[in-house]
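Structure first, commentary second.
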Amino acid sequence: MMKSLYAELQKARRRHDLPACLLIPVAVLAWAWPSAPGGTEDLTTAFHALFYSLPIMNTVLMPVGTAMLASRLWDVEIKGNFPKLLYTLQSRRSLFTAKALLGTGEVLLITALELGGTLALGLWNGYSDFPPAEQLIYFFVCTATVSLMLFFSELLLTILLANPLPALCTGIAGALIGLFSAFMPPIVVYFVPWGYYIPLGSYILTSWDPDTRITVYGIKEFNLPMLLWTALLGVFFFVFTWRAIRQKEV
């Protein structure tokens, strides 16, 4: 098992996965930086504003980012029918386990960098409403759970079709559909997994005065039923990805 994981790490190094993982949180922070409160603005609810906007940014960027990682994770196996050679050297189980561990680690790294960068941005600007620990944990768990669910769904698509392009196209289309789902009735959101970041967010906009431009943010209760549903979807895609590798003909 350790040899399989080491082999995947070597592939990741040659694919330059680390810069790809850094690109996503950097893009989120580059997007958040111009719109983050600062200067003479009211900083008493600045973190509220930042964490309110992060799920929207993730809805746009993460489906594409996870599709990129998933397609790259299986790209060597697509070229030249490489699994035929791999399965003479290692079992299908070890191949899947190593790839699943690597992909999970990459998603968790992206989520941690995004959260850490957001907190650093807020502290740099002197925000006074530092989020409580339970809010930070909830944000991390929700973001990681949705991202892993999307990652394994896109990896499954790449394996079944033996082509990375459909997963990338699905990620791009999913980002647009997920963003539009925020304006749909709540029941519709459950059928648009790319947009789960937004309803799982705990920071909400409670009021906005167009004349004075005063914005008031609030915190809602954790959406644990939807988080559980997202985790179940992730397990579903995880299991079917393993079945796809186990039953794939070479």
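Read in the working numbering, the sequence shown has 1106 at position 2, and its numbers run on one by one without any break. Ideal Cβ positions, reconstructed from N, Cα and C, are used throughout, including at glycine.
Straight across, the Cα-Cα distance linking Ser1306 with Leu1165 is about 19 Å.
Counting C-beta pairs with one atom in each stretch, the segment 1231–1240 and the segment 1148–1161 have three or more that are closer than 8 Å, which means they touch. The three-state secondary structure of Trp1178, taken from DSSP, is coil. Between Gly1299 and Thr1170, the gap from beta carbon to beta carbon reaches 8 Å or more.
Taken atom to atom, the span from the alpha-carbon of Gly1226 to that of Arg1196 is near 45 Å.
Between Gly1338 and Phe1256 a beta carbon distance of about 6 Å is seen, short of the 8 Å cut, so the two are scored as contacting. Taken through DSSP and simplified to helix, strand or coil, Tyr1321 comes out as strand. Secondary structure note for Tyr1300: it is in no alpha helix (DSSP H), with a DSSP letter that is neither H nor E.
Just measuring C-alpha positions, the residue of Asp1179, Thr1222, Ser1157, Ala1202 sitting nearest Asn1267 is Asp1179.
By the neighbour-count criterion, in which a residue is buried when 16 or more other Cβ atoms sit within 10 angstroms of its Cβ, Tyr1156 is buried. Minimum Cα-Cα distance from Asn1327 among the listed residues Tyr1321, Ala1335, Leu1283 corresponds to Ala1335. A straight line joining the alpha-carbon of Glu1218 with that of Ile1241 spans about 13 Å. Burial of Leu1199 is indicated by the presence of at least 16 other C-beta atoms within 10 angstroms of its C-beta. If the five residues before and after Ala1271 are omitted, its C-beta is found closer than 7 Å to the C-beta atoms of Ala1171, Ala1174, Ser1175, Glu1258, Leu1261, Thr1262, all from its own chain and listed in chain order. In terms of Cβ geometry, Gly1221 and Leu1133 form a close pair [threshold 8 Å].
Ala1136 sits close to Leu1154, with the two beta carbons spaced by under 8 Å.
For Leu1212, the CB contacts under 8 Å within the same chain, skipping 5 residues up- and downstream, are Ala1248 in chain order. Counting along the chain, Pro1235 sits inside no alpha helix (DSSP H), nor does DSSP assign it H or E at all. The bridge partners DSSP lists for Leu1309 are Tyr1321. Taking C-beta separations shorter than 6 Å and ignoring five residues to either side along the sequence, the partners of Pro1159 in its chain run Tyr1301, Ile1302, Gly1305, following chain order.
An exposed status is given to Phe1287, since fewer than 16 other beta-carbon atoms sit within 10 Å of its beta-carbon.
For Pro1289, there is no enclosing alpha helix (DSSP H), as DSSP marks it with neither H nor E. One thing to note: Leu1109 has its Cβ within 8 Å of the Cβ of Leu1205. The straight-line gap separating the alpha-carbon atoms of Pro1129 and Thr1274 is approximately 21 Å.
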